[in-house]
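In full-length UniProt numbering, the protein residues as written are 1 to 205.
Glycine included, each C-beta is placed from N, C-alpha and C at the ideal position.
Let me begin by presenting the structure, written as structure tokens, before commenting on it.
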């Protein structure tokens with residue numbers, strides 16, 4: 001009887017050790033896989049962010065400053081969602097910003113943009129990330145279709161009522177498209193609102 005009890009105990013003990021070893025291995029494997037996957041995701045995210053930055057930040061600026069990512073929400077950015085905001089610092093002093101924004105009133109829906117500017121309202125670059133505008137007409141906002149989007153570079157926004165950042169037909173400096181006014185006007189208004197928001201950033205941090 002005692003022998004059987006001993007054998008049962010010994011068998012149970014071995015099984016417990018085996019289960020413990022397997023559990024430890026599985027947990028370690030899970031942690032390794034999680035960390036490996038996390039690192040890959042972080043690497044891919046950073047890679048995608050670098051591609052975005054290359055579109056709106058001259059390399060000579062990008063390589064001489066440090067950046068930090070924030071998430072901000074403001075109706076000036078086109079909706080009630082959070083938007084990516086990168087602040088670029090030189091010796092801990094913010095120099096300029098890159099921000100994702102939306103023109104909610106495009107002809108065929110929302111137009112997603114990436115905008116860089118300094119805190120005095122000077123636009124560095126504007127690029128279109130995605131849109132559903134009409135091919136051959138509204139899609140001229142894309143750099144791959146026309147260089148229209150470059151017309152914003154170098155302009156300075158003083159206020160939301162600043163007329164220079166409006167279409168020429170309204171007394172501004174921005175050309176409209178032949179047969180299309182809504183699309184360029186939507187982008188222009190969104191750029192103006194976004195850069196005005198960026199001007200307020202130094203007072204927010």
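Secondary structure at residue 69: strand, using DSSP grouped into helix, strand and coil.
The beta carbon of residue 158 sits closer than 7 angstroms to the beta carbons of 121 from its chain, once the five residues preceding and following it are set aside; these are given in chain order.
If you look at residue 177, you'll find it isn't in any beta strand (DSSP E); DSSP assigns it neither H nor E. Counting only runs of 3+ residues, the beta strand (DSSP E) found wholly inside the region 81-121 occupies 83-90, 93-106 and 109-118, in chain order.
Under DSSP, residue 130 forms a beta bridge with 112.
Just measuring C-alpha positions, the residue of 52, 59, 74 and 172 sitting nearest residue 204 is 74. Contact check for residue 115 against residue 130 fails: the beta carbons are separated by 8 angstroms or more.
Restricting attention to 119, 169, 188 and 167, the CA atom closest to the CA of residue 128 is found in 188.
The residues 116 and 117, in chain order, have a CB closer than 6 angstroms to that of residue 124 in the same chain once the five nearest residues on each side in sequence are set aside. Take residue 104, set aside five residues on each side of it, and the residues of its chain with a beta-carbon closer than 7 angstroms to its own are 78, 79 and 110, in chain order. With contacts defined as CB atoms closer than 8 angstroms, residue 133 and residue 170 fail to qualify as a contacting pair. The straight-line gap separating the alpha-carbon atoms of residue 194 and residue 154 is approximately 15 angstroms.
In the three-state reduction of the DSSP assignment, residue 157 falls in the coil class. A straight line joining the alpha-carbon of residue 85 with that of residue 72 spans about 7 angstroms. Residue 99 is not a Cβ neighbour of residue 112, given a cutoff of 8 angstroms. With a cut-off of 8 angstroms on Cβ pairs, the region 160-169 is not in contact with the region 136-150, counting fewer than three such pairs. In the DSSP annotation of this structure, the continuous segment of the alpha helix (DSSP H) that includes residue 187 starts and ends at 182-200. The shortest CA-to-CA distance from residue 191 to any of 167, 126 and 50 is the one to 126. Around the beta carbon of residue 197, a 10 Å sphere encloses 16 or more other beta carbons of the protein chains shown; the residue is thus reported as buried. Contact between residue 184 and residue 94 does not hold, since the beta-carbon distance rounds to 30 angstroms and is not under 8 angstroms. A direct Cα-to-Cα measurement between residue 176 and residue 186 gives close to 11 angstroms.
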